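Everything below concerns the one structure shown next.
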Amino acid sequence: MRELFDKTQWIRDQFPVLKRKVHGHPLVYLDNGATTQKPQSVIDRVTRFLSEEYSTVHRGVYLMSQESTEFCETVRSTIARFVNARRPEEVIFTSGTTAAINLAATALGKSVVTPGGEIVITQMEHHANIVPWQQVALATGATLKIAPIMPDGSVDLEAFERTLTPKTQIVAFPHISNVLGTVNPVAQMTAMAKTVGAIVVVDGAQGIAHHPVDVQAMGCDFYCFSAHKMYGPTGVGVLVGRYDLMDQLPPVQFGGDMIETVTFEKSTFAKLPAKFEAGTPPITEIIGMGAAVEFIESIGWNYILGHDQAILNYALAGLETIPGIQLIGTAPGKSAIISFVMDGVHPHDVGTILDMEGVAVRVGHHCAQPLMGVYDVPATIRASFSVYNTESDADGLLSALQKVRHYFQ
Amino acid sequence: MRELFDKTQWIRDQFPVLKRKVHGHPLVYLDNGATTQKPQSVIDRVTRFLSEEYSTVHRGVYLMSQESTEFCETVRSTIARFVNARRPEEVIFTSGTTAAINLAATALGKSVVTPGGEIVITQMEHHANIVPWQQVALATGATLKIAPIMPDGSVDLEAFERTLTPKTQIVAFPHISNVLGTVNPVAQMTAMAKTVGAIVVVDGAQGIAHHPVDVQAMGCDFYCFSAHKMYGPTGVGVLVGRYDLMDQLPPVQFGGDMIETVTFEKSTFAKLPAKFEAGTPPITEIIGMGAAVEFIESIGWNYILGHDQAILNYALAGLETIPGIQLIGTAPGKSAIISFVMDGVHPHDVGTILDMEGVAVRVGHHCAQPLMGVYDVPATIRASFSVYNTESDADGLLSALQKVRHYFQ
Amino acid sequence: MSRLDGLYQQLILDHNKSPRNFGKLDPHSHYSHGVNPLCGDDYEVTLQVSPDGIIEKSAFVGSGCAISKSSGSLMTSAIEGKSVADVLALKDRFLNLLICDTVTEDDRAVLGKLAVLEGVKKFPARVKCAALVWRAIEDALSESAVQTISTE
Amino acid sequence: MSRLDGLYQQLILDHNKSPRNFGKLDPHSHYSHGVNPLCGDDYEVTLQVSPDGIIEKSAFVGSGCAISKSSGSLMTSAIEGKSVADVLALKDRFLNLLICDTVTEDDRAVLGKLAVLEGVKKFPARVKCAALVWRAIEDALSESAVQTISTE
Ligand SMILES: Cc1ncc(COP(=O)(O)O)c(C=O)c1O
Ligand SMILES: Cc1ncc(COP(=O)(O)O)c(C=O)c1O
């Protein structure tokens, strides 16, 4: 464990923002579930691109545009390798997870979902994996069905299986819950969904930076994520989709680069991935995302997984010493996302007091209002950890919570 | 004119990429219609944000998140002022022009356009302002009607007026044509469209950095643009829309931040602008876009308009000295976008030879295939100028074109 | 006094722990439902207003943070017996207290115990918490009194 | 020789100006339509193939850059009288010439005049121009010969 935290210092040094002070205290950044900070390598890559290399993609015969195109296509290949996609064309750049899920939902809603069909999601969804499916259900006359979770925050697999019927057309669930930290057995759930022939969409927003992703081993049809939660830029994300399926789906956004020919009467559409990438892509952000993947690979999954568990256990042990804390989400093998409530104190007050101590956590419903209903809490406090968080960050959280107890006995 | 070009040097010095060499020649960057380079102030703002201030928006009670939120909302206000919107909530952040037009088209397609209705666009549209409307027409049973242009590349206003009927529900056209450089009389065309009660959508991709925009004076309902064509980041753009209209339109993307309440049964949606901004926005890019607007304001419209005409006239005078050049788009008062073809040489060959001389122009159909058909050319060469282009850039273009003539007499 | 001490004063913590007038008046003449979707604060405000415009009774119920809850408790305690016009004037003075630097001793005197919430001024993100029940009562006293209102 | 001189050799410029076999064979036994949507190159290739698999006549027509047009002219000149199998082998050798560093003198001898397009190798963005008509003929000779093909 010592060794783990030594490497953490080496990692911390790569994140300039971590030197910041907040209200006079060193920043303890524990809102990684919302977004992660950026390493120098990502910042530098973006700066260099903008200062020396910036150009548009696809359309230029000139050198700089060819270079930009190559940079972006190299990132596509890098990401395809990172998630073990079958081919680079399975990687569609979007503006983020939300856009990726909406893309998949809209395309599937127009082509796969039918009246009387069923869409299955779980009780632990982020709004981004609820509302698009509600809309598809509304538009198509399909039914949205909710698979329940168990008190510890893991999916009730037996109930999940019973929710699946021959009418199930889509099954969507998160890789990792952004509130509970639960790591879902994606391959197993996908296999169940496949027995009824459903298309499986995995919300990978919290998964991509915390667990190795192998879309082929998982067996899912779509996997969605955002760069900004994996040390990369905002404004870009990815929809990884099975080629043969996506090839059949209709495009969703229309404009330049996604067409083959346009006449005023009729347009024909380009092949994958262009078909789903209308307009000028987030070029700089894609290039920064490539550097983010390289950053993750430079750290390695061994460290990431080990550190995640170490910091989780350390923080949980500390939380036990503070009276009146109730954990929300205690599934075995969960990721280092800790949601909790404190007896007699509203999360909002906790958030303010923690902030005054330099501790950044998120309080609220975490875009998972229905899940709050399941646990019958209006909101939770969420501390979500990342590769650069140390024991001392966890200590900072704990002593700030003591401060909360000082005001709210 | 001398004075203008002196200021240009001061401006050039702010763009680090302009120091670059290409194939041993100083870069002559004339693909500004595709995307513009970035000034140091934009690069620095992005770098500082990522290095010292990065955090998510909306959801945090902690200081950094409040700061991020304030940065982004300040940019919203800045942009509202920049285009003279009625209120900041009329500014919706999107991932770019294409996304903005698609957003408007999808929302209007679901609520305003009806079978038998008519959508009017012009012959000079970019694919981004054709294909989304084709799709709306297809989905609703409306008809897409095309208003013709005159040989010089200006809209035939009489014909435009005749195209409008009481059935016209939407009228969409560009502020400035990306191929022809034509500056459309937006206020006049909007007034015509309003006599038949149509909703007016202006594609401002080429307008925003080249002409002052006043959406109230223009009278249009929507105005769309991308940051990357106005010295700002990729991955962000804006849909400016009339508040009372947008308030009535259904949301298009679904997820976090755009909801009011979510239950598994039903969701209700947030007010403007949140309703149309699902998911984590392009935070860094929005902040960079704010710096881009400040950059434009630091230069001032006087310079921009004067320089645009000066460089246009200088380049046109030079082109006259080269045999066999045919200009595409010669409307009076046009912007500094010069499309042309050369007798006996395909644009693609011109592009390659120019590139070897360090001159970056775009060759092809410029995402305006139907317009190529109107002029009966397969493609054009396009040199598009920006605030940092000098007489010597124009000279570079001309001597490179002489080189083309060396190969292709 | 630290900024936090200024925010979480004993009186506030006390009203948070034992909110006065916590419940729903039945019957009531006026009603409003105030929510802050971002942090989940959610209160119902009910009033019994006499025909001549005097707040005879007021109550609030719901859930939320210490600031919003103590604000509800302090508000309902402060307004009983006051006229509608006086309550609306008090509301303006109170909202002013939360955001303006020009609060006078006179203002504080009129606001009485309510002035204890002035510490919120140094926490801009919490202003809407303190204001929520006041927005709700404003709404309840307006024509369109049955709507749900929301602050963000 | 400068890179540009290597690309725009006299023979290429000559075939661009006066393309051989420029037109459409009617009747024809094989047909394909090749387009490069990005730069607008657009050609139809027609063939008359004898029952025993010999290319008796070939033609191409359409519009595009000097590289694609001269490539069409050189291709149609080179393949007449050859067997389908030989043409497909020639195509492979030609595509190899455009992208590989391992081209031998032997390759160049077999390719003959076609080897003049080797200068394209230094212009990766132009490889698809030179390849377009060859992709079209490959397509014309395959089973699914009536499709439009596109290179990007
Ligand atoms: C006139 C016009 N409209 C729309 C667009 C699309 O903009 P973007 O690619 O940034 O979405 C462009 C630029 O390519 C344009 O020039
Ligand atoms: C599980 C989950 N799904 C989806 C999202 C949405 O991601 P984004 O806001 O980047 O689109 C998030 C993050 O907010 C998340 O945690």
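Chains as they are written, first to last, in the numbering used here: chain A, 26 to 434; chain B, 26 to 434; chain C, -7 to 144; chain D, -7 to 144.
For glycine and all other residues, C-beta sits at the position ideal for the given N, C-alpha and C.
Computed from a predicted structure; not experimentally measured.
inquiry  = At the level of alpha carbons, what is the spacing between residue 13/D and residue 62/D?
reply    = 11 Å
- For residue 230/B, is the beta carbon positioned less than 6 Å from some heavy atom of ligand 4? Ligands in the displayed structure: ligand 1 and ligand 2; ligand 4 is not one of them.
Give a yes or no on contact between the stretch 404 to 423 of chain A and the stretch 343 to 354 of chain A, applying the rule of three or more CB pairs nearer than 8 Å.
yes
### Query
Of the choices 212/A, 208/A, 194/A, whose alpha-carbon is the least far from that of residue 223/A?
194/A
*asked:* Any beta carbon from chain C within less than 7 Å of residue 351/B's own beta carbon?
replied: no
* To do: Could you tell me which uninterrupted beta strand (DSSP E) segments, each at least 3 residues in length, are contained entirely in the stretch 45 to 124 of chain A, listed from first to last along the chain?
  => 116 to 119
So is the beta-carbon of residue 209/B under 6 Å away from any non-hydrogen atom of ligand 1? no
Self-check item: Cβ pair residue 147/A, residue 170/A closer than 7 Å
Solution: no
Could you give the residue range of the alpha helix (DSSP H) that holds residue 438/B? This structure leaves residue 438/B out entirely; chain B is present only between 26 and 434.
**Prompt:** Which chain B residues sit within Cβ distance under 7 Å of residue 284/A?
**Reply:** 152, 156
Checklist line | 7 Å Cβ cutoff met for residue 184/B and residue 173/B | finding: yes
Practice prompt. With distances taken Cα to Cα, identify the nearest neighbour of residue 67/B among 83/B, 90/B, 40/B.
Written response: 40/B
Q. So is residue 181/B in contact with chain A if we call contact Cβ pairs under 7 Å?
A. no
Since residue 432/A meets chain C, which of its residues come closer than 8 Å, beta carbon to beta carbon? -4, 0, 5
Three-state secondary structure assigned by DSSP to residue 192/B: coil
Would residue 73/C count as contacting chain A if we go by Cβ distances under 7 Å?
no
How many Å lie between residue 321/A and residue 87/D at the Cα?
38 Å
- prompt: Just by C-beta distance, which residues in the stretch 369 to 386 of chain A are closer than 8 Å to chain B?
  reply: 373, 376, 377, 379, 380, 384, 385, 386
Note down, in chain order, every chain B residue with its Cβ under 9 Å from the Cβ of residue 31/D. 371, 372, 373, 376, 388, 389, 390, 403, 404
Next item on the list: Apply the 10 Å Cβ neighbour rule to residue 203/B and answer buried if 16 or more other Cβ atoms are within range, or exposed otherwise.
Entry: buried
Comparing the C-beta of residue 94/A with each C-beta of chain B, is any distance below 7 Å?
no
Open item on the list: Determine whether the beta carbon atoms of residue 55/D and residue 403/B lie at a separation below 7 Å.
Closed with: yes
Going along chain B in order, which residues have a C-beta closer than 8 Å to the C-beta of residue 56/D?
-> 371, 373, 403
- prompt: With a Cβ-Cβ cutoff of 7 Å, do residue 42/B and residue 400/A count as a contact?
  reply: no
**Message:** By the three-class DSSP mapping on this structure, what secondary structure does residue 400/B have?
**Reply:** helix
Local conformation of residue 148/C per DSSP, three classes: Outside the shown range of chain C (-7 to 144) lies residue 148/C, about which nothing can therefore be said.
Is residue 346/B near ligand 2, in the sense that its beta carbon is under 6 Å from a heavy atom of that ligand? no
Within this structure, are the beta carbons of residue 406/B and residue 365/B separated by less than 7 Å?
yes
List the DSSP bridge partners of residue 199/B.
228/B
- prompt: Regarding residue 364/B and ligand 1, is the C-beta to nearest heavy atom distance less than 6 Å?
  reply: no
Checklist entry - Along the stretch 102 to 125 of chain A, what residues have a CB closer than 8 Å to any CB found in chain D? => result none
Rounded straight-line distance, which links the Cα of residue 151/A to that of residue 331/A: 26 Å
query: Given that a residue counts as buried once 16 or more other Cβ atoms are within 10 Å of its Cβ, and exposed if not, what is residue 110/D?
result: buried
Just the C-alpha distance for residue 44/D and residue 79/D, rounded to the nearest angstrom, thanks. 14 Å
- Message: Is it buried or exposed, residue 306/B, if we count other Cβ atoms within 10 angstroms and call 16 or more buried?
- Response: buried
**Study point:** Boundaries (first-last residue) of the beta strand (DSSP E) holding residue 25/D
**Key:** 22 to 28
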